[in-house]
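Quick notes on the structure that follows.
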Amino acid sequence: MRISVKHKLTIFIIFLLLINLVIISILTMNGIRTNQIKEYERYLKESSKTANLYIRERYLASDIEDFETFYIKQAYDLTIEIERVLGIHTIIFDNQGRQIGNEVFKELKNEYEDIITKALDNKIVYKKIVDKIIYAAPVYDFNGQIGVMQLEYNLYLQKSFNEDTWKLFVKFGLISIIVTFIIGRVFFINIVNRIKRLKKSVKLIEEGQYDISSILIKSKDEFGELSTGIQAMSSQIQQNIKQLSDEKAKLQLALEHVQKLEKKQKEFIGNITHEFKTPITVIKAQIDLMNLYKDDNNLVDKSNIIVNNELKRLNQMVEKVLHLSSLEKYDFELEKHKIDTHVLLKEIIDKLKGKASKYGIEFYYQLEPCQVYMDRESFMMIFINLMDNAIKYNVSNGKIKVTSNVKKGVNRIEIADTGIGIPDEHKKRVFEPFYTVDKNKSKKLSGTGLGLSLVKKMLEKQNATICILDSERGTVFQVNIPLSKKEKNM
Ligand code: ADP
Numbered sequence: 001m002r003i004s005v006k007h008k009l010t011i012f013i014i015f016l017l018l019i020n021l022v023i024i025s026i027l028t029m030n031g032i033r034t035n036q037i038k039e040y041e042r043y044l045k046e047s048s049k050t051a052n053l054y055i056r057e058r059y060l061a062s063d064i065e066d067f068e069t070f071y072i073k074q075a076y077d078l079t080i081e082i083e084r085v086l087g088i089h090t091i092i093f094d095n096q097g098r099q100i101g102n103e104v105f106k107e108l109k110n111e112y113e114d115i116i117t118k119a120l121d122n123k124i125v126y127k128k129i130v131d132k133i134i135y136a137a138p139v140y141d142f143n144g145q146i147g148v149m150q151l152e153y154n155l156y157l158q159k160s161f162n163e164d165t166w167k168l169f170v171k172f173g174l175i176s177i178i179v180t181f182i183i184g185r186v187f188f189i190n191i192v193n194r195i196k197r198l199k200k201s202v203k204l205i206e207e208g209q210y211d212i213s214s215i216l217i218k219s220k221d222e223f224g225e226l227s228t229g230i231q232a233m234s235s236q237i238q239q240n241i242k243q244l245s246d247e248k249a250k251l252q253l254a255l256e257h258v259q260k261l262e263k264k265q266k267e268f269i270g271n272i273t274h275e276f277k278t279p280i281t282v283i284k285a286q287i288d289l290m291n292l293y294k295d296d297n298n299l300v301d302k303s304n305i306i307v308n309n310e311l312k313r314l315n316q317m318v319e320k321v322l323h324l325s326s327l328e329k330y331d332f333e334l335e336k337h338k339i340d341t342h343v344l345l346k347e348i349i350d351k352l353k354g355k356a357s358k359y360g361i362e363f364y365y366q367l368e369p370c371q372v373y374m375d376r377e378s379f380m381m382i383f384i385n386l387m388d389n390a391i392k393y394n395v396s397n398g399k400i401k402v403t404s405n406v407k408k409g410v411n412r413i414e415i416a417d418t419g420i421g422i423p424d425e426h427k428k429r430v431f432e433p434f435y436t437v438d439k440n441k442s443k444k445l446s447g448t449g450l451g452l453s454l455v456k457k458m459l460e461k462q463n464a465t466i467c468i469l470d471s472e473r474g475t476v477f478q479v480n481i482p483l484s485k486k487e488k489n490m
């Protein structure tokens, strides 16, 4: 059976109180009794002295010569008068221990013969019988002992006093137990309630609820200190758990990032191996052909052209792969300069105009003057790539429109062509290294599939973005270069 602390404490206090009461009452009653004994001993001694004095006075006043004769003859009167003077029932005996002065009792056997015999030997003797004291003391004449007197002292008063005192102890004991029980209960319930609150706060922490301020004990004692301690512990645990989960989330992110990079790297290496093998195989085959048909000038010339083209492509690929991997690997600071984007775009258009006109393609442009802080080389490479693609993947007599404007702190540049376009499902993937929509076409145009991924990487380094817009015809690339504070104020 489970007994709660508040019951245990109440029982314990009542038990202590009971022990206390019993000890105090026993000691008090013993004290009272010892005192009573001393008191009646003194009283009886004094009484026996008074009785002796009285007998002697009465003898001196009488006519009888011999003391002993007087004592025996006047025994009855003496007994009556001593009883009257002392207020104690008295019997007197001669020196043989025979009762004198009362003819009725003379014949009766004295039931306290033992103490009378002892008193005859000049001693004071008494014994307690039920609720009275039988006291025997010698009676003297002027020379020595002539008999014994027996005084009967009633203990009725002491007894009833003792009984009343006991009753008082019991009564006040009961009252104090009830009062202690009530006060103790209130006090212990208060303490137990505080313990329950502490228990509840520990339980809440166990369940992962760390806000225990609503059940905080605010008293300035050990309970208050313990409660504040638990709260401090709870916030510390909460903080540690938060830190741990933050770190776990960071680790998870880092792990996902590493996994993604690893996957990308594998794909990249797989692509490089594939893309590099193809031109090498072509070159090797052409060299074999040239060796076989050394005399066929026509074939040798054709093979020479093919080998040169493949070598050119291979060289471009090596350069782009190196550039791309350096952009991936190193977080180098680019040299940023103030550049006029409208001027540079016009420069690129002028450079590529010749190539475009070969296919009857015309450039149109609308360039709002704008200055940005950017690496000049990167800017040139990005837009040469995009405009070159607009020529490569255009149709004969097609058009290319280049626009540049400044809106909401951004230099927005768009290159729109009237070419073959990029199907929606490929739009996102064309920025991946080695990704081409049509392998054969790209190869024919000595493409590497690395241009757009390089463009995207370089723009990311400049905090700029690139996307392909939806268009009815051809392809529209949109580049957004944010202006820095300096540029915005320009
Ligand atoms: P490539 O060297 O093959 O041109 P890019 O990375 O520059 O490599 O382009 C990736 C692919 O995106 C190209 O192979 C082509 O299929 C497609 N592409 C790029 N620009 C255009 C464009 N202006 N019009 C149509 N397709 C394009």
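Each residue of the sequence shown is one higher than the one before, counting from 1 in full-length UniProt numbering.
Beta carbons: idealized from backbone N, C-alpha and C, even for Gly.
All figures in this text were calculated on a predicted structure; none of them were measured in a lab.
* **Per-residue burial, P433 [other beta carbons within 10 Å of its own, 16 or more giving buried]** => buried
* Identify the continuous alpha helix (DSSP H) that holds H337 and give its terminal residues. => Segment 337-340 is the beta strand (DSSP E) holding H337; no alpha helix (DSSP H) there.
* **Whole-Å CB distance - C370 paired with T341, under 8 Å assumed** => 5 Å
* Take the Cβ of Y359 as the centre, count every other Cβ of all protein chains shown within 10 Å, and call the residue buried at 16 or more, exposed below. => exposed
* Report whether the distance from the Cβ of Y293 to the nearest heavy atom of the ligand ADP is below 7 Å. => no
* So does the segment 161-173 actually touch the segment 140-147, counting three or more Cβ pairs closer than 8 Å? -> no
* To do: May I ask you to check if the CB of L469 is nearer than 7 Å to at least one heavy atom of the ligand ADP?
  => no
* **Helix, strand or coil at P279 according to DSSP, with G and I counted as helix** => helix
* Asked: Expressed to the nearest angstrom, what Euclidean distance is found between the alpha-carbon atoms of R376 and K336?
  -> 7 Å
* What residues come near the ligand ADP, if near means a beta carbon less than 5 Å from any of its heavy atoms? -> N389, A390, Y393, G419, I422, V430, T436, V437, S442, G447, T448, G449, G451, L452, T475
* If you run the structure through DSSP and keep just helix, strand and coil, what is A464? -> coil
* **N- and C-terminal bounds of the beta strand (DSSP E) containing S404** => 399-407
* Asked: What is the rounded straight-line gap between the Cα of L108 and the Cα of I23?
  -> Caution applies to L108, whose pLDDT of 49 falls short of 50 and renders its modelled position unreliable; the value that the coordinates give is listed next. Their backbone Cα atoms lie some 47 Å apart in a straight line.
* Asked: Can you give the Cα-Cα distance for G398 and F379, rounded to whole angstroms?
  -> 25 Å
* By Cβ distance, which residues of its chain are closer than 7 Å to L386, with the 5 residues on each side in sequence left out? -> I415, V455, F477
* To do: From the DSSP output, in three-state form, read off V179 for me.
  => helix
* If you pair each beta-carbon of the segment 303-317 with each one of the segment 277-284, do three or more pairs fall below 8 Å? -> yes
* Asked: Taking the alpha-carbon positions, what's the I348 to S245 distance?
  -> 52 Å
* What is the DSSP secondary structure of L454, reduced to helix, strand or coil? -> helix
* When you compare only the Cα positions, how much space is there between K203 and I215? -> 12 Å
* Asked: With 16 other CB atoms within 10 Å as the buried threshold, where does I182 fall?
  -> exposed
* the segment 114-121 / the segment 65-74 touching (three or more Cβ pairs under 8 Å) -> no
* What are the complete beta strand (DSSP E) segments, minimum 3 residues, inside the segment 44-117? -> 89-94
* Over what stretch of residues does the beta strand (DSSP E) that includes D417 continue unbroken? -> 410-417
* How is the beta strand (DSSP E) around K128 delimited, first residue to last? -> 125-129
* Asked: In chain order, what residues of the same chain lie with their CB nearer than 7 Å to the CB of N271, ignoring the 5 residues before and after it?
  -> P433, F434
* So F379 is in the alpha helix (DSSP H); what residue range does that whole segment cover? -> 376-392
* Kindly list the residues whose CB is nearer than 7 Å to the CB of H89, restricted to its own chain and excluding five residues on each side of it in sequence; keep chain order. => E83, E152
* Over the uninterrupted alpha helix (DSSP H) stretch that includes N440, give me the two end residues. => 439-444
* To do: Return the CA-CA distance between Y393 and I422, expressed in angstroms with no decimal places.
  => 10 Å
* To do: Give the range of the beta strand (DSSP E) segment to which residue 498 is assigned.
  => The structure shown does not extend to residue 498, since the chain is modelled only from 1 through 490, so no value can be given for it.
* Residue range of the unbroken beta strand (DSSP E) whose run includes G447 -> First-last for G447: undefined, no H or E at that position.
* Considering only the beta carbon of each residue, do V395 and G419 sit closer than 8 Å? -> yes
* Same chain only: Cβ atoms within 6 Å of L459, ignoring 5 sequence neighbours per side -> I466
* Quick one: give me the first and last residue of the beta strand (DSSP E) that G147 is part of. => 145-154
* Asked: So I134 is in the beta strand (DSSP E); what residue range does that whole segment cover?
  -> 132-140
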